[in-house]
Amino acid sequence: MNRYDPRLAAGLADSVEYYKLVEGGPETAEGHHRYRVLIPYLARPVYWLAQGQIETWHPVFFGLLMVNAMFTATSACLVVLLGYRALNDYAVALLGSLLFLLNFNVSNTFLAVGAVDSGEACLILTTAWAMFTGRWALLPLIGIAGALAKETFVPLSIVFCVTWLAVITRQEGFRLSRLASVIVMGVAGLATVTVLQSTISGHIIWPWDIALAEKSDVSPFRAFDEHNLTHGFIYVFAWLLPLGAWHLRHLPQSWAFASIAAALAASALGIWVGSVSGVPRAMFNVAGPVLSISTASLLMKIRS
Numbered sequence: 003m004n005r006y007d008p009r010l011a012a013g014l015a016d017s018v019e020y021y022k023l024v025e026g027g028p029e030t031a032e033g034h035h036r037y038r039v040l041i042p043y044l045a046r047p048v049y050w051l052a053q054g055q056i057e058t059w060h061p062v063f064f065g066l067l068m069v070n071a072m073f074t075a076t077s078a079c080l081v082v083l084l085g086y087r088a089l090n091d092y093a094v095a096l097l098g099s100l101l102f103l104l105n106f107n108v109s110n111t112f113l114a115v116g117a118v119d120s121g122e123a124c125l126i127l128t129t130a131w132a133m134f135t136g137r138w139a140l141l142p143l144i145g146i147a148g149a150l151a152k153e154t155f156v157p158l159s160i161v162f163c164v165t166w167l168a169v170i171t172r173q174e175g176f177r178l179s180r181l182a183s184v185i186v187m188g189v190a191g192l193a194t195v196t197v198l199q200s201t202i203s204g205h206i207i208w209p210w211d212i213a214l215a216e217k218s219d220v221s222p223f224r225a226f227d228e229h230n231l232t233h234g235f236i237y238v239f240a241w242l243l244p245l246g247a248w249h250l251r252h253l254p255q256s257w258a259f260a261s262i263a264a265a266l267a268a269s270a271l272g273i274w275v276g277s278v279s280g281v282p283r284a285m286f287n288v289a290g291p292v293l294s295i296s297t298a299s300l301l302m303k304i305r306s
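For the sequence shown, the working numbering gives the first residue as 3, with consecutive numbering after it.
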């Protein structure tokens, strides 16, 4: 928080806009970043209290770090809960949470000063926890919070929940209440994005307006031909994907298939906007936890 200014660092351009959101509000930020209000607004009280109290530390980035740390810690706890529920083994669950925290994406994105990915990842995990424990009625509330954190949460969570529902329906039979919860979650998320962006922009913005505005004419082949994609994917998934995929079949199919489907949806979103440099980050948000638990299960099996 005083070693460098994230606003000037390569690869952290987003932090400029999130800094503005904390200090001045949406009217001072630009682009789609100004609609990702959850973490910056939670950081505001910390920023106000920290002013003049933390010596050389920057109060805005201190506030963002505290909130990101809160979401990251919650994610780690949820990984333990989900891992134990999936495999009934606390050793595997704790190791999976450790592997999750050790990932490049956590230290360099979740806890990077001026990012908001930790909120999206935490709320995807909360979504999985709600479905794992039968608390489907919580999904609409999670959908609202996720839409406030990052607009990409809405399509990713819809794909995640629909896939989970399809798998569990095949296993346990159809329940109207589950389908209703998923539908209401999707509607609530879309409505939140619509109201939020319309309020900040001063005119009505519909979900399809957002999609069309983000659409790029860049061909999918050119979109994938990016130096940053290669490095980002290697840093995040070089060891996690091969180890995690090997043992994925031992985890609940609902969680595994939902994570895979949402990761593919993240890739599709990257192609849609014509830039996939951020795709590994989004893929980790939805698939990182299940791959971490799967890797932990494999390592514990090798050890035994």
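Just so it is clear, CB atoms sit at the ideal spot from N, CA and C, and this is done for glycine as well.
Option in the options with minimal Cα separation from residue i
i	options	result
Leu125	Leu113, Leu140 and Gly204	Leu140
Ala298	Leu250, Val118, Arg172 and Ala263	Leu250
Phe102	Ala114, Ser261 and Val81	Val81
Ile212	Thr201, Trp241, Thr196 and Ser277	Thr196
Ser179	Ser279, Trp138, Ser203 and Leu214	Trp138
Ala265	Phe106, Asn287 and Arg38	Asn287
Gly85	Gly234, Leu100 and Phe73	Leu100
Val69	Tyr20, Glu57 and Val94	Tyr20
Pro282	His252, Leu301, Leu243 and Ile304	Leu243
Asp303	Ala88, Ala93 and Leu158	For clarity, residue 303 is Lys in the given sequence; the question names Asp instead. Checking every option, the nearest Cα to that of Lys303 belongs to Ala93.
Thr76	Val108, Lys217, Ser279 and Ser17	Val108
Gly290	Asp119, Val169, Glu174 and Ser17	Asp119
Gly276	Ile295, His252, Lys217 and Ala240	Lys217
Phe259	Gly54, Ile273 and Phe162	Phe162
Ser159	Ala182, Leu245 and Thr128	Thr128
Thr135	Ile170, Glu153, Ile56 and Trp59	Ile170
Ile236	Ile207, Ile273, Ser279 and Gly272	Ser279
Gly272	Thr154, His252 and Ile206	Thr154
Ile353	Met72, Glu25 and Arg38	Since the first and last residues shown for the chain are 3 and 306, residue 353 lies out of range.
Ala45	Ile56, Ala240 and Met72	Met72
Ala114	Ala270, Gly26 and Asp16	Asp16
Ala130	Leu96, Phe176, Ala95 and Leu83	Leu83
Trp241	Leu300, Leu96, His252 and Trp59	Leu300
Beta carbon of residue i nearer than 7 Å to that of residue j
i	j	result
Met187	Pro142	yes
Ala247	Ala268	no
Ala151	Glu122	yes
Val184	Leu167	yes
Tyr49	Pro61	yes
Ala31	Leu23	yes
Phe64	Ala78	no
Pro28	Arg36	yes
Pro209	Leu198	no
Ser261	Val292	yes
Ala132	Thr194	no
Thr74	Phe112	yes
Gly145	Ala190	yes
Thr165	Ala88	no
Ser294	Gly98	yes
Boundaries (first-last residue) of the alpha helix (DSSP H) holding residue i
i	result
Ala263	Gln255 to Val275
Asn110	No alpha helix (DSSP H) contains Asn110, which DSSP labels as neither H nor E.
Ile207	Ile207 -> no alpha helix (DSSP H), and no H or E assigned at all.
Ile56	Per DSSP, Ile56 belongs to no alpha helix (DSSP H) and is neither H nor E.
Arg46	Leu40 to Ala52
Pro244	Leu242 to Trp248
Gly280	Neither: Gly280 is in no alpha helix (DSSP H) and is coded neither H nor E.
Leu103	Tyr92 to Leu104
Lys22	Asp16 to Glu25
Pro142	Leu141 to Ala151
Thr135	That residue, Thr135, is in no alpha helix (DSSP H); it is neither H nor E in DSSP.
Residue-level contact to chain D via CB, residue i, 7 Å cutoff
i	result
Ala289	Although the question refers to chain D, the structure presented lacks it and comprises just one protein chain.
Closer than 6 Å: residue i CB and nearest the ligand NAP heavy atom
i	result
Val69	In terms of ligand content, the structure shown is empty, and the ligand NAP therefore cannot be addressed.
* Asked: Can you give, in chain order, each stretch of the alpha helix (DSSP H) that sits fully within the stretch 168-213 and has at least 4 residues?
  -> 178-203
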